[in-house]
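Taking our numbering, the leading residue of the sequence shown gets 1, the next gets one more, and so forth.
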Amino acid sequence: MNDEFNVTYLTFSGHVELHRFRFLYFLVMFIVYVLILCSNSIILCIIWIHKSLHEPMYIFIAALLLNSILFSTNIYPKLLIDFLSDKQVITHSHCVFQFFAYYSLGASEFLLLSAMAYDRYVSICKPLQYPVIMRKSTVSVLLLLAWLLPALQVMASAAIIKNVQICRFTLTGIFCNNSIYNLFCVIPRTLSINGVSILLNTALLPMLFILFTYAKILIISYQSSRDVRKKAAQTCLPHLLVLMSTSYLSSYDIIKARLQVYFPRSAHLIMTLQIVIYHPLFNPIIYGIKMKEISKHLKKLLCEGKLN
């Protein structure tokens, strides 16, 4: 406790061999962060510039890429500073904010994927009603809800965490996530209930909705023409790949926190780094390669760059 400023500092203990590999860690993660910013921003700009891509499906993709940039920016700058610092510390208030942004943006990912699934369902299963249903106002409402609902729910947890008495001051991770619960003298029941509510409303229910929607699309596509099946495969496969990636990485964070499963420090570090490395890089690669219209503009941009 710093008596002069009345600030509580927390220490990260999840780093492995940091004193030996700090510059290697910094270099690798700095390169990854630049790649995340560049790859997501390029496709985001392509969607913004080309009016032919101003359709609900591409707008949702742009929102997903923006979400990845915000998610990474919440983690990487602090992580890079810690790699070069003698002490890996964070103030309690900053830790609570990082916790809030981490889970709020993470939950938004599932809701954005749900909005994409609904858009594909209407496009493939109700093509004649698509212009009426998926209007600009509908898209705007879905985007607002995808960011606002998780933020409000996670904000409630963050408010509880900020006022809970702390008995320990060492975090077992490399940034602030559910590991902050291990610092509390007693975990409030309201925090546990709200955590289950967040998991249910922003992860499990959206996932079930996505699986149900794509099952309906699969059935309709199987019963339709070859062109419809091809369209469904081209537009739905990237979303399903991103969903699998998001679900796999999120499940580790949930299992680790809720079931109190022990992982060796090295294994925990590797899994944690996967969450902040693979997924933000996976989105632009998948949508840049698998989405035909985006891929076409991306190839054109790269060809022009080579000619210049």
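Glycine included, every Cβ here is placed at the ideal spot set by N, Cα and C.
Check: Three-state class that DSSP yields for Thr11 in the structure shown; Outcome: strand
Check: Classification of Asn2 by the beta-carbon crowding that lies within 10 angstroms, buried from 16 upward; Outcome: With a pLDDT of 42 at Asn2, under the threshold of 50, the modelled position of that residue is not reliable, and no figure is offered here.
Check: Phe60 beta carbon less than 8 Å from that of Met116; Outcome: yes
Check: Cβ pair count under 8 Å reaching 3, the segment 116-130 against the segment 144-159; Outcome: no
Check: For Val7 and Ile213, the rounded distance between their alpha carbons; Outcome: As written in the sequence, residue 213 is Thr, which differs from the Ile given in the question. Between Thr213 and Val7, the C-alpha separation is close to 48 Å.
Check: Trp147 versus Ile49, Gln88 and Ser108, residue with shortest Cα-Cα distance; Outcome: Ser108
Check: Cβ pair count under 8 Å reaching 3, the segment 265-283 against the segment 32-51; Outcome: yes
Check: Close beta carbons around Ser245, own chain, < 6 Å, minus the five adjacent residues each side; Outcome: His279 and Phe282
Check: Contact set for Gln88: own chain, Cβ-Cβ below 7 Å, skip 5 residues either direction; Outcome: Thr11, Phe12, His15 and Asp82
Check: Segment limits, alpha helix (DSSP H) that includes Ile210; Outcome: Leu205 to Gln223
Check: Three-state secondary structure (DSSP) of Leu80; Outcome: helix
Check: Span separating the alpha-carbon of Tyr76 from that of Ile219; Outcome: 42 Å
Check: Best match in Cys45, Leu79, Lys78 and Asn74 for proximity to Ala63 [C-alpha to C-alpha]; Outcome: Cys45
Check: Asn163 versus Cys95 - alpha carbon distance; Outcome: 13 Å
Check: CB-CB length for Leu111 against Thr202, believed under 8 Å; Outcome: 6 Å
Check: DSSP state of Val89 mapped onto helix, strand, coil; Outcome: strand
Check: Same chain, Cβ closer than 8 Å to Leu198, neighbours up to 5 away in sequence not counted; Outcome: The question names Leu, but residue 198 is Ile in the sequence shown. Correct list, in chain order: Tyr103, Ala107, Pro150, Gln153, Val154 and Ser157.
Check: For Thr73 and Ser85, the rounded distance between their alpha carbons; Outcome: 19 Å
Check: Start-to-end residues for the alpha helix (DSSP H) that takes in Gln274; Outcome: Arg265 to Lys290
Check: Status (buried if at least 16 other CB within 10 Å, exposed otherwise) for Pro310; Outcome: Here the chain comprises residues numbered 1 to 308, so residue 310 is not present and cannot be evaluated.
Check: Euclidean distance between Cα positions of Leu183 and Phe169; Outcome: 6 Å
Check: Coil, strand or helix - Phe21 by DSSP; Outcome: helix
Check: Pairwise C-alpha distance: Ile174 and Ser114; Outcome: 30 Å
Check: Classification of Glu4 by the beta-carbon crowding that lies within 10 angstroms, buried from 16 upward; Outcome: Note that Glu4 scores 45 on pLDDT, short of 50, meaning its location in the model is unreliable; the coordinates nonetheless yield the value given after this. Exposed, because fewer than 16 other Cβ atoms sit within 10 Å of the Cβ of Glu4.
Check: Cβ neighbours of Ile161 in the same chain (closer than 6 Å, five flanking residues each side left out); Outcome: Val96
Check: Whole-number beta carbon distance between Tyr252 and Met271, since they are thought to touch under 8 Å; Outcome: 5 Å
Check: DSSP-derived helix/strand/coil call for Leu149; Outcome: helix
Check: Pairwise C-alpha distance: Glu17 and Lys299; Outcome: 41 Å
Check: Inter-residue CB distance, Phe99 and Asn177 (contact presumed, cutoff 8 Å); Outcome: 6 Å
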